[in-house]
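Order-wise, the sequence lines are chains A and B. Position 53 of the first sequence, counting from 1, maps to 53 under our numbering, and the rest follow consecutively. Convert by adding 180 to the 1-based position in the second sequence; the result is the number in our numbering. Notes to accompany the following structure.
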Amino acid sequence: MTAPIKTARPVNKTARAAYRVFHLLSPFVVLAVGIPAVLLVLLQKGHEFCTYTAEYLPDLLLFVLGGAAFFAGHFVGILGTGQVNTITDASKKFGRLAIVTAFLVTSLILVFEALGTAEIAVGTTTPSQLEPITYYVRCAIDHDHDISGGLFTIMLITLTFYVAGNWFWPHRTLADGPQS
Amino acid sequence: MTPAILDTYSVGMASVIWAITFIRLFVSLVDVVCDLRDWPTVSDQIGDWSLRNPWLARVLVGLLFVLLAHFVLNPLHPAICPCLPGSLPPDHQ
Chain A
1 MTAPIKTARP VNKTARAAYR VFHLLSPFVV LAVGIPAVLL VLLQKGHEFC
51 TYTAEYLPDL LLFVLGGAAF FAGHFVGILG TGQVNTITDA SKKFGRLAIV
101 TAFLVTSLIL VFEALGTAEI AVGTTTPSQL EPITYYVRCA IDHDHDISGG
151 LFTIMLITLT FYVAGNWFWP HRTLADGPQS
Chain B
181 MTPAILDTYS VGMASVIWAI TFIRLFVSLV DVVCDLRDWP TVSDQIGDWS
231 LRNPWLARVL VGLLFVLLAH FVLNPLHPAI CPCLPGSLPP DHQ
């Protein structure tokens, strides 16, 4: 079964090409950022403890930035390529799989939070234990202020809430009605 | 709380970054497949889900902002901060 959805606007070929290049490069960008970030954290010495030598939080501007990025993510949806997608049975299954996996991974993160809150030991030979995600995030914000002045914190909050605004408040309507 | 108990920053933060990297890698790979096949991308799929389930989407967005507020609108130092060996006040040691 094939059905056109979305918009009847003509396709902007330049925007469409840029969109495709962005998609093809994005997995490499994710790996290029994620792998070095993990290695840096694991190899880093001197930040084992959250000593909080300065009081960087609370920071209302970071919260306002998240709100602004959320609205930006919504209104950037005005800029579309005009591409008409096709919906097939396979694409429906694929889409469901993507959404289920996204929520499953989110659930796993919350399980990590639960383990941290429950103060689960990391190893059997040491008294070290996992902490709630909040602990690591706030610790990371503190370290980021020391290292870059909070640049990475700003980037992460902007990106996260831009995506949230784009995904959960899309600037369009369901052109062909609800789908299963 | 002893310093040894707090000594999990590296493994904990690495786990958080791995989780975020995995999610973004998964989404970007799915987007590549969808783009090449002219299928709706993950953004399209989740956007459609949000339009079909507006209240769930609102709750999810609300949860995100609550988390952000929790992270950035609380002071770093709690009322009692056992951050360094010997930093506890005498009545808490």
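Just so it is clear, CB atoms sit at the ideal spot from N, CA and C, and this is done for glycine as well.
For Asp-89(A), no Cβ of chain B is located within less than 8 Å of the residue's own Cβ. Taking 8 Å as the CB threshold, Pro-170(A) lines the interface with chain B. Secondary-structure assignment with DSSP links Thr-134(A) through no beta bridge to anything. Leu-205(B) and Pro-27(A) do touch by the CB rule: their CB atoms are close to 6 Å apart, below 8 Å. Counting of Cβ neighbours within 10 angstroms places Ala-102(A) among the buried residues, the total reaching 16 or more. Interface criterion met: the Cβ of Leu-231(B) is under 8 Å from a Cβ in chain A. Here Thr-14(A) carries a helix assignment [DSSP, helix/strand/coil].
Residues of chain B with a Cβ closer than 8 Å to the Cβ of Leu-31(A) are, in chain order, Thr-201, Leu-205. Contact between the stretch 137-153 of chain A and the stretch 198-217 of chain B is not established, with fewer than three Cβ pairs separated by less than 8 Å.
Counting C-beta atoms within 10 angstroms of its own C-beta, His-143(A) has 16 or more neighbours from the protein chains shown and is therefore classed as buried. When CB distances to chain A are screened at a threshold of 9 Å, the residues of the stretch 205-227 of chain B falling below it are Leu-205, Phe-206, Val-207, Ser-208, Leu-209, Val-210, Asp-211, Val-212, Val-213, Cys-214, Asp-215, Leu-216, Arg-217, Asp-218, Trp-219, Pro-220, Thr-221, Val-222, Ser-223, Asp-224, Gln-225, Ile-226, Gly-227, in chain order. Taking the Cα of Leu-253(B) as reference, the smallest distance to any Cα among Ile-78(A), His-171(A), Gly-66(A) is reached at Gly-66(A). With respect to the 8 Å criterion, Ala-194(B) and Val-21(A) are not classified as neighbours on the basis of their beta carbons.
In this structure, Gly-77(A) lies away from Arg-16(A), with their beta-carbon atoms at least 8 Å apart. The beta carbons of Ala-69(A) and Ile-141(A) sit no closer together than 8 Å. Counting only the Cα atoms, Asn-85(A) lies some 34 Å from Val-196(B). A direct Cα-to-Cα measurement between His-145(A) and Ala-249(B) gives close to 18 Å.
Here the alpha carbons of Ala-199(B) and Thr-117(A) stand approximately 18 Å from one another. C-alpha of Leu-115(A) to C-alpha of Gly-95(A): approximately 30 Å in a straight line. Within chain B, the residues whose beta carbon sits less than 9 Å from that of Asp-142(A) are Leu-256, listed in sequence order. The Cβ-Cβ distance between Asp-228(B) and Leu-79(A) does not fall below 8 Å. Nearest CB-CB separation between Ser-26(A) and chain B: below the 8 Å threshold. Arg-238(B) counts as exposed, since fewer than 16 other beta carbons sit within 10 angstroms of its beta carbon. Counting along the chain, Asp-224(B) sits inside the alpha helix (DSSP H) bounded by residues 222-232.
Annotated three-state conformation of His-171(A) is coil, per DSSP. At least one CB of chain B lies nearer than 8 Å to the CB of Ala-164(A).
Under the three-state reduction of DSSP output, Glu-55(A) falls in the coil class, being neither helix nor strand.
What Leu-240(B) touches in chain A, judged by beta-carbon distance under 7 Å, is Phe-168, going in chain order.
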